[in-house]
Amino acid sequence: MKAADEDGEVVKRFDFTRILIYGALSLWTIICLFPIYWTVTTSFKVAKDVQKGAIVPWVGYEPKWLGWRSLGISPDTIGRPSTVRAEFLGRFFNSVITSVSASLLAVLIGSLAAYGLSRFAYRIGWMRNKDISFFFLSQLILPPVVLALPFLALYRELALLDTTVGLIMLYTLMVLPIVIWIMRDQFSGIPIELEEAALVDGLSIWGAFFRIVLPLAAPGMVAAFILSLVLTWNEYFFAALLTATHAKTVPVMVASQTGSQGINWWSMAALSCAAITPLVIIGIFLERYIIKGMTAGSVK
12 MKAADEDGEV
22 VKRFDFTRIL
32 IYGALSLWTI
42 ICLFPIYWTV
52 TTSFKVAKDV
62 QKGAIVPWVG
72 YEPKWLGWRS
82 LGISPDTIGR
92 PSTVRAEFLG
102 RFFNSVITSV
112 SASLLAVLIG
122 SLAAYGLSRF
132 AYRIGWMRNK
142 DISFFFLSQL
152 ILPPVVLALP
162 FLALYRELAL
172 LDTTVGLIML
182 YTLMVLPIVI
192 WIMRDQFSGI
202 PIELEEAALV
212 DGLSIWGAFF
222 RIVLPLAAPG
232 MVAAFILSLV
242 LTWNEYFFAA
252 LLTATHAKTV
262 PVMVASQTGS
272 QGINWWSMAA
282 LSCAAITPLV
292 IIGIFLERYI
302 IKGMTAGSVK
């Protein structure tokens, strides 16, 4: 009887612990998802609903298409010509071109740099491989405002102001240190004996890299690409500083939804929903690659 009572107490304690854990996780999930929920619901509100803080549709307010109509993509305006919709699509494609191109370049260049740091020993003055890796990461310490004037002057001299090429180059430099650190850990987790066996079988160093190493490091490359894509897609400071008309991106357009009457919350919310939707879709379909890429190399 005593053993049975002890087992029952253990089971009750275990169930209580699980309830606490799942309760805390559920609360944290609600906290994390509430901003997205608020943004989506706000895109269907009118001014009075925003001001009174109504949250639940059809209970606190009646959903309207005001926010989406202001972008020209509501059901009643999607079939008609719209200058606002054309502007939004232009900004959207600018964001796609700059973020995807910069992320691909960063992954390509960063993977090569990370492979060299994980496989070869370098010496630049007093700096070794670890010092070089930390030097790359230290570039993230500088706040963007410190680099504003130098980049503004440089881009003016190179005629790169208000160009997608200028943003791509800048965004590549911005996310390159993160890619190098992620991919260095990926390559360090791949046994060098696999490459040595490939070299013995007749492959060159580049052949072993492309046929043996890259397939094994693919999850990490996907994770680095997605992280770079998120960072570049959401970047606002340099996009607002270095662009004026032709190369503006979605974050700049979202921040511009202000006027003499105040902030157009419904338009800003609709723009924000349209801006985060591609990232949500990418995250859903590539979730397993993100997890593999972030965990690979963590257990030696």
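When we follow my numbering, the leftmost residue of the sequence shown carries the number 12, and every step to the right adds one.
A virtual CB, placed ideally from N, CA and C, is assigned to each residue, including glycine.
In or out: residue i buried (at least 16 other Cβ within 10 Å) or exposed?
{"i": "Tyr182", "result": "buried"}
{"i": "Val291", "result": "exposed"}
{"i": "Leu169", "result": "exposed"}
{"i": "Leu240", "result": "buried"}
{"i": "Asp60", "result": "buried"}
{"i": "Tyr133", "result": "exposed"}
{"i": "Ser149", "result": "exposed"}
{"i": "Thr28", "result": "exposed"}
{"i": "His257", "result": "exposed"}
{"i": "Trp276", "result": "buried"}
{"i": "Leu282", "result": "buried"}
{"i": "Tyr33", "result": "exposed"}
{"i": "Pro155", "result": "exposed"}
{"i": "Val310", "result": "Legend: pLDDT at Val310 = 43, less than 50; position of this residue unreliable, no value from coordinates given."}
{"i": "Gly136", "result": "exposed"}
{"i": "Phe296", "result": "exposed"}
{"i": "Thr269", "result": "exposed"}
{"i": "Thr50", "result": "buried"}
{"i": "Ser110", "result": "buried"}
{"i": "Ser114", "result": "buried"}
Assuming residue i and residue j make a contact with CB atoms under 8 Å, what is their CB distance in whole Å?
{"i": "Leu238", "j": "Ile201", "result": "Contact flag wrong, Cβ pair sits at about 20 Å."}
{"i": "Ile203", "j": "Ala124", "result": "Rounded, the Cβ-Cβ distance is 18 Å, inconsistent with contact."}
{"i": "Asn105", "j": "Thr174", "result": "That pair is no contact at about 10 Å."}
{"i": "Leu82", "j": "Arg96", "result": "6 Å"}
{"i": "Ala286", "j": "Thr53", "result": "Not really, about 14 Å apart at Cβ, beyond 8 Å."}
{"i": "Leu172", "j": "Leu253", "result": "6 Å"}
{"i": "Ile223", "j": "Ala209", "result": "5 Å"}
{"i": "Leu178", "j": "Ala250", "result": "7 Å"}
{"i": "Thr322", "j": "Val186", "result": "Residue 322 lies beyond the residue range present for the chain, which begins at 12 and ends at 311; the question has no answer from this structure."}
{"i": "Lys56", "j": "Lys75", "result": "7 Å"}
{"i": "Thr121", "j": "Ala235", "result": "Here residue 121 is Gly; the residue named in the question, Thr, does not match the sequence. Contact flag correct, Cβ pair sits at about 7 Å."}
Return the residue from the list the options that minimises the CA-CA distance to residue i.
{"i": "Phe248", "options": "Val233, Leu148, Arg222, Met264", "result": "Met264"}
{"i": "Phe45", "options": "Ala170, Ile66, Gly78", "result": "Ile66"}
{"i": "Ser278", "options": "Ile30, Asp26, Trp79, Tyr72", "result": "Trp79"}
{"i": "Met180", "options": "Thr50, Arg29, Ser112", "result": "Ser112"}
{"i": "Asn245", "options": "Ala58, Trp217, Cys284, Leu297", "result": "Cys284"}
{"i": "Phe146", "options": "Ser37, Ser110, Ile189, Ala117", "result": "Ile189"}
{"i": "Ala117", "options": "Lys259, Val261, Thr288, Leu184", "result": "Leu184"}
{"i": "Met232", "options": "Ile41, Asp196, Leu242", "result": "Asp196"}
{"i": "Gly127", "options": "Leu205, Thr260, Ser144, Ile42", "result": "Ser144"}
{"i": "Ser129", "options": "Asn140, Thr109, Phe103", "result": "Asn140"}
{"i": "Tyr48", "options": "Thr94, Asp26, Pro92, Pro68", "result": "Pro68"}
{"i": "Glu298", "options": "Gly273, Pro230, Asp87", "result": "Pro230"}
{"i": "Glu98", "options": "Phe296, Cys43, Ile293, Ser267", "result": "Ser267"}
{"i": "Pro262", "options": "Gly101, Ile41, Ile30", "result": "Gly101"}
Kindly identify the DSSP beta-bridge partner or partners of residue i.
{"i": "Leu68", "result": "It is Pro, not Leu, that sits at residue 68 in the sequence shown. Partner(s): Tyr72."}
{"i": "Ile135", "result": "Met138"}
At what residues does the alpha helix (DSSP H) containing residue i begin and finish?
{"i": "Lys63", "result": "58-63"}
{"i": "Tyr247", "result": "Looking at the DSSP string, Tyr247 is not in any alpha helix (DSSP H), and its letter there is neither H nor E."}
{"i": "Arg167", "result": "155-168"}
{"i": "Ala219", "result": "216-219"}
{"i": "Leu115", "result": "94-130"}
{"i": "Ala209", "result": "203-211"}
{"i": "Ser199", "result": "175-199"}
{"i": "Gly78", "result": "77-80"}
Is residue i near the ligand SAH, going by C-beta to nearest heavy atom under 7 Å?
{"i": "Val118", "result": "For the ligand SAH, the structure offers nothing, since it holds no ligand at all."}
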